[in-house]
Ligand SMILES: C[S@@+](CC[C@H](N)C(=O)[O-])C[C@H]1O[C@@H](n2cnc3c(N)ncnc32)[C@H](O)[C@@H]1O
């Protein structure tokens with residue numbers, strides 16, 4: 001089976017677990033690291049009072065978390081829930097899917113009244129089903145989030161991207177495009193890089209993010225050294241120590257960076273199947289987007305937990321090896337590209 005298809009099929013299998021772990025509002029990585037970073041990178045893309053609607057595309061939306069966030073952040077308050085009293089779970093989505101077609105028509109009619117128009121896409125239909133269910137009529141999200149539109153887009157397919165090329169007035173160019181934590185999930189970035197200048201408005205931005213390609217690869221070893229510090233009392237024999245405490249010195253060691261083969265790994269505890277990861281050194285990651293001359297790198301972030309945040313987590317204090325404790329070595333890499341011509 002070609003690696004493209006296999007990599008996507010794994011995500012379809014993982015969709016229920018992913019949805020259960022991420023839910024409506026995301027996990028701790030989203031809340032503490034990803035969302036604040038995205039707020040920074042998209043701050044200038046938000047709708048202006050009385051201004052034209054912001055057009056946004058979410059690539060690899062997963063269960064729709066990032067598309068819901070784009071809707072609320074670019075269009076207004078950044079809040080998630082509200083407007084619906086029901087707390088039905090995302091499992092009961094079948095009837096809502098039946099009315100999806102009718103709903104999509106109504107959405108088209110109303111688009112131009114909105115502050116933001118977000119299209120959520122994913123390569124996996126099963127994952128998209130999960131995202132759709134969070135925007136169904138009964139879902140406990142905002143009315144704007146229920147108005148999301150959905151489409152399948154395999155980020156390795158130039159033909160899929162062509163459907164999103166700007167063709168005004170019916171298909172305006174996008175002001176903001178996001179691919180959150182999925183850059184490392186796709187075996188090629190060429191189709192995305194080729195499509196961005198056709199999809200973005202001049203001045204529009206693309207934000208991508210991934211596991212940090214230096215610090216989080218199978219070729220990176222995390223090391224923990226246990227150091228005993230002794231409190232020497234002046235004038236006493238060196239061996240007569242009256243107090244000690246233990247500190248942990250954390251470091252990383254790499255035995256590969258330029259050439260790291262695709263690998264399969266796990267993103268959450270108890271994950272039923274490993275998914276693929278595709279590593280790129282920084283010159284490859286950015287080179288593919290920059291060589292056409294139409295996109296410029298104009299934002300970069302390396303979010304990580306602070307020592308205080310790590311210390312506040314009881315699980316992290318018990319498990320000295322947890323990546324959360326490696327506060328000097330960022331877990332994620334975020335970058336923003338702007339279409340300049
Ligand atoms: C780690 S999840 C990230 C989901 C979401 N962006 C978030 O931050 O919550 C990776 C997503 O990439 C999707 N994906 C994997 N391969 C893809 C491809 N070739 N085209 C589009 N999406 C893909 C998966 O289905 C999955 O939803």
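In the UniProt record's numbering, the protein residues as written are 1 to 341. All C-beta atoms in this analysis are idealised placements derived from N, C-alpha and C, irrespective of residue type, glycine included.
For residue 34, decide whether its Cβ has a neighbour in chain D, counting only Cβ atoms nearer than 8 Å. No chain D is present in this structure, which holds just one protein chain.
Heavy atom of ligand 1 less than 7 Å from the Cβ of residue 66, yes or no? In the chain shown, residue 66 corresponds to position 66, counting from 1. Yes, since a heavy atom of ligand 1 falls inside the 7 Å radius drawn around the Cβ of residue 66.
Residue 65 versus residue 221: straight-line alpha-carbon distance, rounded: Here residue 65 refers to the residue found at position 65 of the chain shown. Here residue 221 refers to the residue found at position 221 of the chain shown. Cα-Cα distance, rounded: 31 Å.
Short of 6 Å in beta carbon distance, which residues of its chain neighbour residue 385, apart from the five on each side in sequence? Order them along the chain. A query on residue 385 cannot be resolved here, the shown segment of the chain reaching from 1 to 341 and no further.
By the three-class DSSP mapping on this structure, what secondary structure does residue 252 have? The residue you call residue 252 lines up with position 252 of the chain shown. Reduced to three states, the DSSP call for residue 252 is strand.
Among 5, 214, 192, 217, which has the Cα closest to the Cα of residue 292? Within the chain shown, numbered from 1, the residue matching residue 292 stands at position 292. The residue with the shortest Cα to Cα distance from residue 292 is 192.
Bridge partners of residue 128, per DSSP? The sequence position of residue 128 within the chain shown is 128, counting from 1. DSSP, once it has assigned bridges, lists no residue as partnering residue 128.
Consult DSSP for residue 136 and reduce its assignment to one of helix, strand or coil. Residue mapping note: residue 136 aligns to position 136 of the chain shown, counting from 1. The answer is coil: DSSP assigns residue 136 none of H, G, I, E or B.
How about residue 9: is its Cβ closer than 7 Å to a heavy atom in ligand 1? Sequence index remark: in the chain shown, residue 9 carries index 9 (1-based). Residue 9 Cβ: outside cutoff for every heavy atom of ligand 1.
Quick one: is residue 259 buried, meaning 16 or more other Cβ sit within 10 Å of its Cβ, or exposed? For the purposes of this step, residue 259 is identified with residue 259 of the chain shown, where counting begins at 1. It counts as exposed.
If I'm right that residue 32 touches residue 63 with Cβ under 8 Å, what's the distance once you round it to whole angstroms? Numbered from its first residue, the chain shown carries residue 32 at position 32. Numbered from its first residue, the chain shown carries residue 63 at position 63. The pair is not a contact, with the Cβ atoms about 19 Å apart (cut-off 8 Å).
Quick one: Cα of residue 134 to Cα of residue 212, how far? Taking the chain shown and counting its residues from 1, one reaches residue 134 at position 134. Taking the chain shown and counting its residues from 1, one reaches residue 212 at position 212. Cα-Cα distance, rounded: 29 Å.
Keeping to the same chain, check which residues put their C-beta closer than 6 Å to that of residue 85; ignore five residues upstream and five downstream. Within the chain shown, residue 85 is the residue found at index 85, counting from 1. Caution is warranted here: a pLDDT of 31 is assigned to residue 85, below 50, making its placement in the model unreliable, and the coordinate value is therefore given only provisionally. Hits under 6 Å: none found.
Option nearest residue 179 by Cα separation, candidates 334, 306, 269: By one-based count along the chain shown, residue 179 stands at place 179. Nearest C-alpha to residue 179: 334.
Which residues does DSSP pair with residue 206 in a beta bridge? Position 206 of the chain shown holds residue 206. Answer by DSSP bridge pairing, in chain order: 177, 337.
Which residues share a DSSP beta bridge with residue 227? The residue you call residue 227 lines up with position 227 of the chain shown. For residue 227, which the question treats as bridged, DSSP gives the partners 247.
From 115, 40, 309, residue whose alpha carbon lies closest to that of residue 147: Against the chain shown, residue 147 aligns to sequence position 147. Checked all of 115, 40, 309; the closest Cα to residue 147 is 115.
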